Amino acid sequence: MTAPSTHTLPTRPLLVMLRQWAESGWLRRLDAAFAGFLNERAPEAPDEVLLAGALVAHMEGRGHACLLLDELLDDADALLGWPADAAAALQAALSDVPADADAWRAALQASPLVATVDMRGALRAGAPLVLHEGRLYLRRYWDYERRVAQQVLARGVAPMPVDTSAVREHLDLLFPAATGGDDVAPPIDWQKAACGLALRGRFSIITGGPGTGKTYTAARLLALLFAMDASPERLRVMLAAPTGKAAARLKQSIDAALGELNDQVGDRLPLDELASHIQPARTLHSLLGARPDTRRFRFDAAHPLEVDVLIVDEASMIHLEMMAALLEALPPMARVIFLGDKDQLASVEAGAVLGDLCRGAEAGRYRPETLAYLEAATGQRVPDAFAGDGPPLAQQTVMLRESRRFGGPIGQLATAVNQGDSRSAVALLHTDRSGALAWLDAPSPTDVVALALRGRDGAPGGFGGYLKALRARPVAGDAQAHADWVLVVLTAFERFRLLCAVRQGEWGAEGLNAAIERAMVADGSLVKRGAWYEGRPVMVTRNDAAVGVFNGDIGITLPPATPNAPLRAYFLDGNTARSVGVSRLASVETAFAMTVHKSQGSEFEHTVLVLPRDAGPVLTRELVYTGITRARRAFTLVTPRAPAFGEALAQRTQRASGLLSLLDR
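Per full-length UniProt numbering, the sequence shown starts with residue 1, numbered consecutively.
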């Protein structure tokens, strides 16, 4: 083995400064190290190239696909949202390099560290960075974005031929006609329109808020696909979602909706038999065949999935890398239908793919040929307000607009938040008398702990029901009684949850989990003799296909039916529970409280959203909206500083991306 070289490059002042920024917490250490890597590759590279490299790595860590150079130079403070001292240090650094965007672009284009894109869309040279239309990318994120755009365009440009008269017959059966009165035209049924549009495309999106019936629509779309297929029994259908809980909920919702359709369909379609061929819903990692310690999957372009129809729920959670892998693993003629709420939080990882793809969905922008098809296939005339000259993707996107579940105070609050109407939102939280909404001023985290233990007026209980269920453990050895008890405990725990805007700190998930655990041990509700104890709720933080658990799965630690056997973690799996020995769970954390990001795909009867004292870039309108829409019956907002709520609503999530630009081209 050759000994490592002892030669070191002289330390550049810029690199020293970037390391200091990382020590101060303004950059990640990885960002500063990436600038050092660039310097090793090209010691002659000017400071602006290394600084841009560190900042594009930093932006990727914050969920952006790229760095917008013009925005960086025009208003770095707004782009980065750093604290005042960090912003001042950045401005001082920028004053030492060319302030003109053209000069920056010229320096980047001239550097061997940066590849540019030719007229055919190909990279002219290999390099760690890519510059395209004023956007600077880490090379692999440019590649992900390009691959997603190519797949979307390949699947969504040309509509497939459809027998509109047959479609109309089946849709009228699946969606009984609504009446608008003698002189009033019935409102358009967007669910029916979504089924009609999805039928003629290989790439479709059905977006809408909670309760708008996305999975209800998907079930009817499946029935329509079965009805229109010459050999429906051979149609290979798969269901998937980013998390295990979301996947389980998707399958339950689809099964329930198909079951309800039996009476409507009658003998025309053997839905029970056809539904039995639908495979169990899986996480995207499981679907693609995740491999330990690698970013590669078993299924890819060279080894495609064996599927004809893929329905993916909670699509807002899919990050750019996963979307590229998923689309490339689909056979060319397979259909994929994405379901999701475009207004929810995007993935923690880079990219806001659903938000990009659904841009402008409220307006419809349907072309004349799309409107004509919809009228022929569904018998509905789309209002003129939704006509336009939208891109091909818009012709395969439908936004569901009527919420059948969120018509009460929670729905009104979600609407006000989504519109940025903080005055109405605050009024709703303070004046609601139904018990559905409440605002709690909490000077100390102990107020949050008290709410978690005892609940509040109008929404009692907190974790009380779960603790009561724990105490009702049956006699050891009775397997059936034990199985019933496990389900009662798991179901009780799922009724209430604390959601945090941040992970760390006393107002974050880590701090509140520790505080709640201490309080439960102190009052005798839990007995803790180590890291693992009876009643400990855990959330899986890393996919482990060998064990059968995936990131986001929630379980409860309980003793098995066999006396004196080691503790196991039990996870809901539809109407049953599955268990894993705790010694096999290497990546878990306690889960009385969880971040809003981790809660996506879940619902709780009573949801408590905890906002920290200081609003930072993570505290956004989308985060608050996502937290509210996790609640089914009751929602409580908790914060030690009232203005944090309004500040969050005034701040939108903006993620830099070039995906729409690639699709437009």
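For glycine and all other residues, C-beta sits at the position ideal for the given N, C-alpha and C. Quick caveat: nothing in here was measured; it's all calculated off a predicted structure.
Helix, strand or coil at residue i [DSSP, three-state]
| i | result |
| --- | --- |
| residue 349 | coil |
| residue 424 | helix |
| residue 355 | helix |
| residue 608 | strand |
| residue 82 | coil |
| residue 400 | strand |
| residue 282 | strand |
| residue 180 | Note on residue 180: pLDDT 49, under 50, position unreliable in the model; the coordinate value appears next. Coil, per DSSP. |
| residue 71 | helix |
| residue 666 | A question about residue 666 goes unanswered here, because the residues of the chain that appear run from 1 up to 665. |
| residue 441 | strand |
| residue 592 | coil |
| residue 297 | strand |
| residue 325 | helix |
Rounded separation between residue i and residue j - CA only
| i | j | result |
| --- | --- | --- |
| residue 433 | residue 142 | 51 Å |
| residue 127 | residue 39 | 13 Å |
| residue 549 | residue 579 | 10 Å |
| residue 693 | residue 622 | Residue 693 cannot be examined here, being either before or after the span of the chain that is shown, 1 to 665. |
| residue 421 | residue 372 | 37 Å |
| residue 108 | residue 413 | 47 Å |
| residue 68 | residue 399 | 29 Å |
| residue 327 | residue 276 | 26 Å |
| residue 239 | residue 330 | 13 Å |
| residue 60 | residue 66 | 7 Å |
| residue 345 | residue 651 | 13 Å |
| residue 543 | residue 383 | 46 Å |
| residue 173 | residue 30 | 57 Å |
| residue 150 | residue 28 | 32 Å |
| residue 497 | residue 516 | 12 Å |
| residue 614 | residue 500 | 13 Å |
| residue 657 | residue 286 | 27 Å |
| residue 454 | residue 408 | 25 Å |
| residue 489 | residue 55 | 47 Å |
| residue 231 | residue 274 | 11 Å |
| residue 262 | residue 252 | 16 Å |
| residue 105 | residue 16 | 24 Å |
| residue 19 | residue 13 | 10 Å |
Close-in-space but distant-in-sequence residues of the same chain around residue i (CB under 6 Å, 5 per side omitted)
| i | result |
| --- | --- |
| residue 349 | 319 |
| residue 90 | 76 |
| residue 155 | 202, 203 |
| residue 476 | 563 |
| residue 381 | 375 |
| residue 114 | 108, 127, 129, 131 |
| residue 521 | 528 |
| residue 5 | Low confidence applies here, because residue 5 scores a pLDDT of 42, under 50, leaving its location unreliable; read the following figure in that light. Excluding positions up to five away in sequence, the list is empty. |
For residue i: DSSP bridge partner residues
| i | result |
| --- | --- |
| residue 578 | 571 |
| residue 335 | 309 |
| residue 459 | 456 |
| residue 267 | According to DSSP, residue 267 bridges with nothing at all. |
| residue 340 | 207 |
| residue 216 | Looking at the DSSP assignment, residue 216 forms no beta bridge with any residue, so it has no partner. |
| residue 123 | 117 |
| residue 237 | 309 |
| residue 387 | 366 |
Same chain, Cβ closer than 8 Å to residue i, five either side skipped, listed in chain order
| i | result |
| --- | --- |
| residue 513 | 589, 590, 591, 592, 593 |
| residue 636 | 437, 438, 439, 440, 451, 456, 459, 606, 607, 608, 609 |
| residue 669 | Given that the chain is displayed from residue 1 to residue 665, the structure contains no residue 669 and the question cannot be resolved. |
Contacts around residue i, its chain only, beta-carbon distance under 7 Å, and the 5 residues preceding and following it disregarded
| i | result |
| --- | --- |
| residue 77 | 87 |
| residue 147 | 324, 328 |
| residue 663 | 149, 152, 153, 391, 393 |
| residue 71 | 79 |
| residue 22 | 28, 29, 31, 32 |
Residue i Cβ short of 7 Å to the ligand MG heavy atom set
| i | result |
| --- | --- |
| residue 210 | Absence of the ligand MG from the depicted structure is noted, as is the absence of any ligand whatsoever, leaving it without description. |
**Study point:** Within the region 488-563, ranges of the alpha helix (DSSP H) (whole runs, at least 4 residues)
**Key:** Runs of the alpha helix (DSSP H) inside the region 488-563: 509-522.
Exercise for review: Starting from the N-terminal side, write out each stretch of the alpha helix (DSSP H) that is 4 residues or longer and does not extend beyond the region 605-657.
Suggested key: Counting only runs of 4 or more, we get 621-628, 643-649.
Check your understanding: Which ranges would you report for the alpha helix (DSSP H) in the region 127-167 if only whole runs of at least 4 residues count?
Key -> 139-156, all fully within the region 127-167.
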